[in-house]
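Student: Quick one: this structure, given as structure tokens, is what I'll be asking you about.
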Amino acid sequence: MSSKLSSRSRGGAPVKANSKETGPKLEENLNIFKSDKFDADGFVNSKCNSLNEKEIRQLCSYLLDLKKASAEEMRRSVYANYTAFIRTSKEISDLEGELLSIRNLLSTQATIIHGLADGVHVDSLSITLPEGSGLSPDLDRDPSDLENWLIEFPDILDVLLAERRVEEALSTLDEGERIASEAKGNNSLSPVVLASLQTAITECRQRLANQLSEAASQPTTRGSELRAAISALKKLGDGPHAHTLLLQAHYQRLQSNMQNLRPSSTSYGGAYTAAISQLVFSVIAQTATDSNAIFGKEPAYISELVMWATKQVEDFAVLVKRHALASSAAAGGLRAAAECVQIALGHCTLLEARGLALCPVLLKLFRPSVEQALDANLKRIEESTAALAAADDWDLSNSPGVTRLSGRSTTSVTSQHHKLSSSAQRFNVMVQDFFEDVGPLLSMQLGGKMLEGLFQVFNSYVSMLIRALPGSMEEEGSYEGSGGKIVRMAETEAQQMALLANASLLADELLPRAAMKLTPQGQGQNIYKDDPRRRPSGQNRNTEQREWKRRLAGIVDRLKDSFCRQHALDLIFTEEGDSHLTADMYIHMDGNVEEIEWFPSPVFQELYAKLYRMSGIAAEMFVGRERFSTMLFMRLTETVILWLSEDQTFWDDIEEGPRPLGPLGLQQFYLDMKFVLSFAAQGRYLSRNLNRVVNEIISKALAAFAATGVDPYAVLPEDEWFGEISQEAIDRLSGKPRIANGERDLSSPTASVSAQSISSIRSHGSS
Numbered sequence: 001m002s003s004k005l006s007s008r009s010r011g012g013a014p015v016k017a018n019s020k021e022t023g024p025k026l027e028e029n030l031n032i033f034k035s036d037k038f039d040a041d042g043f044v045n046s047k048c049n050s051l052n053e054k055e056i057r058q059l060c061s062y063l064l065d066l067k068k069a070s071a072e073e074m075r076r077s078v079y080a081n082y083t084a085f086i087r088t089s090k091e092i093s094d095l096e097g098e099l100l101s102i103r104n105l106l107s108t109q110a111t112i113i114h115g116l117a118d119g120v121h122v123d124s125l126s127i128t129l130p131e132g133s134g135l136s137p138d139l140d141r142d143p144s145d146l147e148n149w150l151i152e153f154p155d156i157l158d159v160l161l162a163e164r165r166v167e168e169a170l171s172t173l174d175e176g177e178r179i180a181s182e183a184k185g186n187n188s189l190s191p192v193v194l195a196s197l198q199t200a201i202t203e204c205r206q207r208l209a210n211q212l213s214e215a216a217s218q219p220t221t222r223g224s225e226l227r228a229a230i231s232a233l234k235k236l237g238d239g240p241h242a243h244t245l246l247l248q249a250h251y252q253r254l255q256s257n258m259q260n261l262r263p264s265s266t267s268y269g270g271a272y273t274a275a276i277s278q279l280v281f282s283v284i285a286q287t288a289t290d291s292n293a294i295f296g297k298e299p300a301y302i303s304e305l306v307m308w309a310t311k312q313v314e315d316f317a318v319l320v321k322r323h324a325l326a327s328s329a330a331a332g333g334l335r336a337a338a339e340c341v342q343i344a345l346g347h348c349t350l351l352e353a354r355g356l357a358l359c360p361v362l363l364k365l366f367r368p369s370v371e372q373a374l375d376a377n378l379k380r381i382e383e384s385t386a387a388l389a390a391a392d393d394w395d396l397s398n399s400p401g402v403t404r405l406s407g408r409s410t411t412s413v414t415s416q417h418h419k420l421s422s423s424a425q426r427f428n429v430m431v432q433d434f435f436e437d438v439g440p441l442l443s444m445q446l447g448g449k450m451l452e453g454l455f456q457v458f459n460s461y462v463s464m465l466i467r468a469l470p471g472s473m474e475e476e477g478s479y480e481g482s483g484g485k486i487v488r489m490a491e492t493e494a495q496q497m498a499l500l501a502n503a504s505l506l507a508d509e510l511l512p513r514a515a516m517k518l519t520p521q522g523q524g525q526n527i528y529k530d531d532p533r534r535r536p537s538g539q540n541r542n543t544e545q546r547e548w549k550r551r552l553a554g555i556v557d558r559l560k561d562s563f564c565r566q567h568a569l570d571l572i573f574t575e576e577g578d579s580h581l582t583a584d585m586y587i588h589m590d591g592n593v594e595e596i597e598w599f600p601s602p603v604f605q606e607l608y609a610k611l612y613r614m615s616g617i618a619a620e621m622f623v624g625r626e627r628f629s630t631m632l633f634m635r636l637t638e639t640v641i642l643w644l645s646e647d648q649t650f651w652d653d654i655e656e657g658p659r660p661l662g663p664l665g666l667q668q669f670y671l672d673m674k675f676v677l678s679f680a681a682q683g684r685y686l687s688r689n690l691n692r693v694v695n696e697i698i699s700k701a702l703a704a705f706a707a708t709g710v711d712p713y714a715v716l717p718e719d720e721w722f723g724e725i726s727q728e729a730i731d732r733l734s735g736k737p738r739i740a741n742g743e744r745d746l747s748s749p750t751a752s753v754s755a756q757s758i759s760s761i762r763s764h765g766s767s
């Protein structure tokens with residue numbers, strides 16, 4: 001049980017699964033909770049009795065993930081069917097209006113049929129009441145109150161309608177409806193009189209409705225007058241038509257006000273966005289207030305209001321994109337575009353208090369324009385950095401304290417120990433500026449696109465750094481993003497190390513620090529306040545950051561590989577392409593009659609001299625980042641040794657050549673390998689892989705010698721001898737000769753090595 005919970009809780013597996021797989025799995029997990037007999041206490045006891053505190057915490061985490069997944073599934077389901085729901089509600093509302101009209105028509109038709117059956121004309125009530133009406137026309141008595149009311153009812157309504165006394169007309173109509181209902185219940189009126197009364201009521205209702213509709217459609221009808229007309233229409237039973245008229249009236253008001261708002265070519269995009277946002281969203285807010293006050297929370301009216309408001313937001317977005325965002329997006333003005341979006345979102349968010357959550361609609365409409373500005377901004381960073389790289393002298397210096405970009409001051413985040421060349425400084429400043437005011441971009445879920453874009457721009461910059469390495473031009477086609485850009489060559493080892501310093505500092509510290517602004521901590525924890533469900537969990541956020549840093553490190557590794565490969569080739573081959581490291585240098589030693597001065601071979605002397613020089617440079621360039629330089633030297637040493645291990649021509653000559661490897665050659669080869677292990681161990685860049693490969697090479701050489709029938713260990717000195725010579729070589733090559741009692745140790749096995757030889761080695765290394 002515990003292992004199952006652990007596997008589920010780690011990494012939030014249920015949440016991260018593919019959506020196609022999550023659906024059935026989520027449905028299966030929730031089935032137990034759907035049962036009417038579900039016992040919450042029993043379920044918890046069955047799961048937790050055998051769990052310790054850690055496992056209970058994991059279970060809670062898993063349940064929270066399941067809750068989030070369920071909420072997200074419900075949200076997607078609602079959004080997927082919301083348009084169909086609104087359309088169906090609108091059709092139902094229209095159908096209700098049509099049914100009301102049919103009812104009125106049927107009522108009128110019934111009245112006509114009754115009138116024809118009784119042979120009476122029922123166009124209007126008459127003082128002369130027909131026989132059998134239930135009201136005796138006895139001229140010897142005064143008419144009753146009901147008779148007087150029936151006679152005066154049409155005239156009263158005519159007067160009220162003519163004088164536009166809406167409330168009194170509604171009260172009179174209600175009274176007529178009441179009397180007709182009572183008469184129908186107790187049969188106090190004949191069918192003819194009752195039908196006449198109902199016809200008069202229907203006609204007056206229609207006339208009043210027409211008057212109210214006409215009034216509501218007038219541009220001058222606003223405020224309380226408009227609300228009164230719409231409310232009266234609703235009381236007449238024509239709610240759908242009344243609600244439509246309300247929306248149309250506010251739309252006319254919006255269009256009238258917008259005619260006075262004309263953007264100019266010199267107007268500031270943010271100012272225009274603020275003005276039109278204030279206008280549009282204030283009208284939408286007032287419309288929502290009026291709709292809720294008159295029609296309440298009935299779904300049909302709410303749906304129509306949402307559809308109408310969405311249409312106004314869409315029209316608003318078109319205007320903002322045309323007059324404010326288009327120019328900013330094309331020019332790469334990411335901050336200007338983000339500011340326009342932020343202004344619009346600020347006004348749109350206020351509608352949520354009135355039940356209108358339109359920010360997702362607005363963000364979806366603005367997203368393409370902001371993405372265009374984002375891409376153009378990244379392109380500008382790439383081109384500006386490339387222009388500086390063409391003239392960069394690759395001399396490291398501290399970044400300036402403050403640099404102005406886009407009209408704002410951006411403070412450099414590099415410390416006194418962090419030095420960059422001019423192109424890297426420009427790249428860093430532009431990236432820091434790029435991540436300013438990222439709130440709107442995160443609201444549009446563009447944080448991932450920003451990181452990916454920055455990754456591609458950094459990849460392009462590192463490709464230029466690789467092109468700055470001498471001899472790397474032939475590899476140009478293998479690197480993406482090079483684009484044929486001209487870049488200044490890094491001629492010296494210090495300049496080439498500066499390329500690595502640029503890339504490593506940007507990837508390890510500066511870019512991740514800038515990207516922290518995409519996290520809730522970098523934005524004051526409020527970037528997800530509009531939709532908390534999009535807030536990434538701490539574990540997911542840390543995983544994403546680690547993955548992004550890992551990808552950045554992968555780009556730097558490309559530069560490392562090119563650097564090490566280029567320096568390894570310089571060590572192994574001459575300018576003419578001949579190899580410094582061949583089998584002949586070992587095989588022919590046994591045929592040489594001259595006295596041998598035991599010392600590491602020149603190629604390995606030069607390898608150590610190069611590493612020694614570079615370590616001095618790295619001590620100044622990689623302050624606080626010594627691990628990077630250690631890994632670099634480790635990789636350079638491995639590159640040379642791996643080349644030797646994989647050089648099939650070398651090993652064919654050693655193992656199957658016309659001349660076998662002799663004792664002196666074996667001893668020299670063994671000394672070279674022990675020398676490599678010795679200086680790598682002292683420099684702290686002896687990796688397990690390097691140690692393994694060196695031992696494998698030694699084993700191959702020993703096996704080749706043993707094939708001649710001679711025991712290799714019988715001809716090789718003790719390991720202490722190799723260690724002493726290796727240490728003497730390290731001291732001499734680094735300028736620290738071994739001293740015994742204040743004098744040079746003449747008994748040293750390397751004492752016979754001439755100063756001229758050492759001088760030539762150093763001279764070769766400097767070149």
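Here UniProt numbering is used: the first residue of the sequence shown is 1, the next is one more, and so on.
Using N, Cα and C, we set each Cβ at its ideal position, and we do this for glycine too.
#1: Between the beta-carbon of leucine 661 and the beta-carbon of alanine 706, is there less than 8 Å?
#2: Use the C-beta contact count for glycine 333: other C-beta atoms within 10 angstroms, 16 or more gives buried, fewer gives exposed.
#3: Write down the C-beta distance between isoleucine 230 and alanine 216 rounded to the nearest angstrom, noting that I regard them as a contact closer than 8 Å.
#4: Please name the residue in Glu371, Ile587 and Leu378 whose C-alpha comes closest to that of tryptophan 651.
#5: Using CA coordinates, which residue listed in Ala309, Gln667 and Ser46 is at the minimum distance from phenylalanine 599?
#6: Leaving aside the five residues before and after threonine 639 along the sequence, list all residues of the same chain whose C-beta is less than 7 Å from its C-beta, in chain order.
#7: DSSP beta-bridge partners for leucine 420?
#8: Considering just the uninterrupted stretch of the alpha helix (DSSP H) at cysteine 500, what are its terminal residues?
#9: Just tell me which of Leu59, Ser35 and Asp36 has its CA closest to the CA of asparagine 45.
#10: May I ask you to report which of helix, strand or coil DSSP gives serine 734?
#11: Looking only at its chain, what residues have a beta carbon closer than 6 Å to the beta carbon of tryptophan 394, apart from the 5 residues adjacent to it on each side?
#12: Closer than 6 Å by C-beta to phenylalanine 679: which residues in its own chain qualify, once you throw out the five before and the five after it? Chain order, please.
#13: Taking the C-alpha atoms as reference points, what is the distance between glycine 624 and asparagine 398?
#14: On the premise that glycine 269 lies in contact with alanine 376, defined as a C-beta separation below 8 Å, what is that separation, rounded to the nearest angstrom?
#15: Applying the 10 Å Cβ sphere with the 16-neighbour rule, what's the burial state of lysine 419?
#16: With H, G and I counted as helix, E and B as strand and the rest as coil, what does DSSP make of phenylalanine 622?
#17: Rounded to whole angstroms, what is the Cα-Cα separation between serine 558 and serine 629?
#18: At which residues does the alpha helix (DSSP H) containing tyrosine 685 begin and terminate?
#19: Could you spell out where the alpha helix (DSSP H) holding aspartate 652 opens and where it closes?
#20: Cα separation between arginine 550 and asparagine 689?
#21: Does DSSP put phenylalanine 455 in a helix, a strand or coil?
#22: Give the single residue among Leu64, Thr637 and Pro602 whose Cα lies nearest to the Cα of leucine 611.
#23: Within 10 angstroms of the Cβ of arginine 75, are there 16 or more other Cβ atoms? Answer buried if so, exposed if not.
#24: Give a yes or no on whether the minimum CB-CB distance between aspartate 65 and chain B is below 8 Å.
#25: Looking at the structure shown, is phenylalanine 573 part of a helix, part of a strand, or coil, going by DSSP?
#26: For threonine 574, collect the residues of the same chain with a Cβ closer than 8 Å to its Cβ; drop the 5 residues on either side in sequence, then sort them by chain order.
#27: So the candidates are Val306, Glu177 and Thr244; which of them puts its Cα closest to the Cα of alanine 195?
#28: Apart from the five residues just before and just after glutamate 382, which ones in its own chain have a Cβ nearer than 6 Å to its Cβ?
#29: How far does the alpha helix (DSSP H) with glycine 237 in it extend, from its first residue to its last?
#30: For a test of the three-state rule: what should DSSP assign to serine 35, helix, strand or coil?
#31: What is the rounded straight-line gap between the Cα of glutamate 96 and the Cα of alanine 288?
#32: Going by CA-CA distance only, name the one from Lys68, Val283, Thr88 and Lys560 that's closest to alanine 256.
#33: Quick one: measure Cβ to Cβ for aspartate 238 and leucine 63, integer angstroms, because I've assumed they're closer than 8 Å.
#34: Might you give, ordered along the chain, the residues of its own chain that have their beta carbon closer than 7 Å to the beta carbon of isoleucine 698, omitting 5 neighbours on each side?
#35: How many angstroms separate the CA atom of methionine 631 from the CA atom of glycine 42?
#36: For proline 191 and phenylalanine 316, what's the separation of their Cα atoms in angstroms?
Tutor: Quick look at the numbers:
#1: no
#2: buried
#3: 6 Å
#4: Ile587
#5: Gln667
#6: Cys564, Arg565 and Ala568
#7: Ser397
#8: The residue asked about is misnamed: residue 500 is leucine in this sequence, not cysteine. First-last of the alpha helix (DSSP H) with leucine 500: 493 to 505.
#9: Leu59
#10: coil
#11: Ser421, Ala490, Gln495 and Ala498
#12: Tyr608 and Ile730
#13: 15 Å
#14: In fact, because the Cβ distance is near 15 Å, the residues do not count as touching under 8 Å.
#15: buried
#16: coil
#17: Note that residue 558 is arginine in the sequence shown here, rather than serine. Going from the Cα of arginine 558 to the Cα of serine 629 covers about 15 Å.
#18: That residue, tyrosine 685, is in no alpha helix (DSSP H); it is neither H nor E in DSSP.
#19: 648 to 656
#20: 21 Å
#21: helix
#22: Thr637
#23: exposed
#24: Within the model displayed, chain B is absent; a lone protein chain is all it includes.
#25: strand
#26: His580
#27: Glu177
#28: Val457 and Ser460
#29: Where glycine 237 is concerned, there is no enclosing alpha helix (DSSP H), given that its DSSP letter is neither H nor E.
#30: coil
#31: 22 Å
#32: Note that residue 256 is serine in the sequence shown, not alanine. Checking every option, the nearest Cα to that of serine 256 belongs to Val283.
#33: About 51 Å; that fails the 8 Å criterion.
#34: Tyr670 and Met673
#35: 57 Å
#36: 57 Å
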